[in-house]
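Everything below concerns the one structure shown next.
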Amino acid sequence: MKIVITGGAGFIGSNLAHALTRCGEASEVRVLDDLSTGSRDNLTGADVRFVEGSVLDAALLDRVFRGAETIVHLAALPSVARSVADPLASHHANSTGTLMVLEAARRAGGAHVIAASSSSVYGANPHLPKHEDLRPAPLSPYAVGKLAAESYLASYHHCYDLPVLPFRFFNVYGPRQPAGHDYAAVVPAWINAAMTGQPVLVNGDGLQSRDFTYVETVCRVLTRAVLRKVVSADPVNLAYGTRTSLAELITELEAVLGTPLDPRHLPPRPGDVRHSHAENSRLLNLVPGVRPVPLREGLERTVEWFREQAR
Ligand SMILES: NC(=O)c1ccc[n+]([C@@H]2O[C@H](COP(=O)([O-])OP(=O)(O)OC[C@H]3O[C@@H](n4cnc5c(N)ncnc54)[C@H](O)[C@@H]3O)[C@@H](O)[C@H]2O)c1
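In short: position in the sequence shown from 1, add 34, done, that's my numbering.
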């Protein structure tokens, strides 16, 4: 089975590349990545064919997708804050990029396309937990772009019978998630701050909550979905329904790191949602049997990875 991962040099993509090459059922894993936020080093030790380039290059997509059965489309410019700073770049990479991938999959004879959408599409909708039939209410250009992307997947299924699967990822964390940049996610940013004796920066009052999902859990779901050719035109939440406030995350990290953190509160960021908590019966029905890694264990493994990097 030949599988392409777009964005496969990034955080989630590289973890998936390692998982797929280990599982023994993929005859070839190809990675297409323009290295805008990802790194070639993330793929060290993974038996993949790496192609540097953009999903916005149609000719390159045709070359990379030739003979592939499944495309896991993860390439994107992530981060709500980045999209607020540069909405057009976010739109090009995330929405137009997804449309280009779908067109290339169609030209390639109808490859299975699994793509990453985001819990941010629920935005201002206050209903909890978030289930997929809720009205989306995006609060940021990033969320709009992801809603467009997953809608394109549905439309390609309905118009061209393309086998698709749009997953809404919730806050994913774990090894290979970078810390040292302006748009770093909260888990790596705080671990890095704690390990280097800096304060942890909390946007808002810290009572906002997230459904944190360990990257290995995400990769287990993606691997099963690839191998079993799971198809759904409707979006599927990929999280396990745990709700942790940022204040609780600080307590968890203090226990794992064995040291107190030094929180400093900043104003809330525009575009951020208040609470995020997944209802996941659609996921359990389509991809049953995945055991999610609990938050404490996931944080321990993430901290261990950061400590290894620092050695
Ligand atoms: N990490 C999360 O918590 C989270 C939550 C919701 C959704 N997602 C989505 O999951 C996917 C993976 O996210 P991640 O956290 O691994 O981010 P990441 O930035 O580590 O990975 C994205 C990868 O895409 C590549 N890329 C960007 N633009 C490209 C282009 N035009 N052509 C080819 N490659 C390009 C980057 O170089 C990078 O390697 C993204 O689609 C993201 O929007 C992530």
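Don't be surprised by glycine CBs; every beta carbon is placed ideally from N, CA and C. Given the structure is predicted, the values throughout are model-derived calculations rather than measurements.
In the three-state scheme derived from DSSP, where H, G and I count as helix and E and B as strand, His-191 is classed as helix. Residue range 131-141 is occupied by the alpha helix (DSSP H) that includes Arg-140, with no beta strand (DSSP E) assigned at that position. In this structure, the beta-carbon distance from Pro-197 to Val-265 falls below 8 Å. For Asn-237, the enclosing beta strand (DSSP E) covers residues 234-237. Relative to the Cα of Leu-333, the nearest Cα in the group Pro-209, Met-134 and Phe-45 belongs to Pro-209. Boundaries of the alpha helix (DSSP H) harbouring Ser-117: 114-119, taken from the DSSP string. Take the alpha-carbon of Arg-83 and the one of Gly-101: they are about 14 Å apart. Remark: the C-beta of Val-206 is in contact range of ligand 1, defined as less than 7 Å to any heavy atom.
Around the beta-carbon of Asp-67, 16 or more other beta-carbon atoms lie within 10 Å, marking it buried. Excluding its 5 nearest sequence neighbours in each direction, His-165 has C-beta neighbours in its own chain below 7 Å: Glu-313, listed in chain order. The beta carbon of Asp-67 sits closer than 7 Å to at least one heavy atom of ligand 1. By the criterion of a C-beta distance shorter than 7 Å, Val-135 is surrounded in its chain by Thr-40, Val-89, Leu-95, Ile-105, His-107 and Val-147, once the five residues flanking it on both sides are discounted. In chain order, Pro-163, Asp-245, His-311, Ala-312, Glu-313 and Asn-314 place their CB closer than 8 Å to the CB of Gly-275, counting only its own chain and leaving out the 5 sequence neighbours on each side.
Comparing alpha-carbon positions, the option among Val-307, Ala-228 and Gly-292 lying closest to Leu-241 turns out to be Val-307. Taking 7 Å as the cut-off, the C-beta of Leu-287 does not count as close to any heavy atom of ligand 1. Ser-152 is bridged by DSSP to Phe-203. The stretch 228-241 and the stretch 183-197 do not touch, with fewer than 3 CB-CB distances between them shorter than 8 Å. Among the bridge pairs identified by DSSP, Pro-297 is matched with Val-234. Between the alpha carbons of Leu-261 and His-299 lies a gap of roughly 44 Å. Per DSSP, the continuous alpha helix (DSSP H) segment holding Leu-320 begins and ends at 315-320. Inside the stretch 37-114, DSSP marks whole alpha helix (DSSP H) runs of 4 or more residues at positions 45-57 and 92-99, from first to last along the chain. Look at Asn-271 here: in three-state DSSP terms it is strand. Here Gly-143 is exposed: its Cβ has fewer than 16 other Cβ atoms, across all protein chains shown, within 10 Å. With a cutoff of 8 Å on beta-carbon distance, Ser-151 and Arg-202 are scored as near each other. Secondary structure of His-309 (DSSP, three-state): strand. Note: Thr-278 is bridge-paired with Arg-244 in the DSSP secondary-structure output. In the DSSP assignment, Gln-343 falls within the unbroken alpha helix (DSSP H) covering 329-344.
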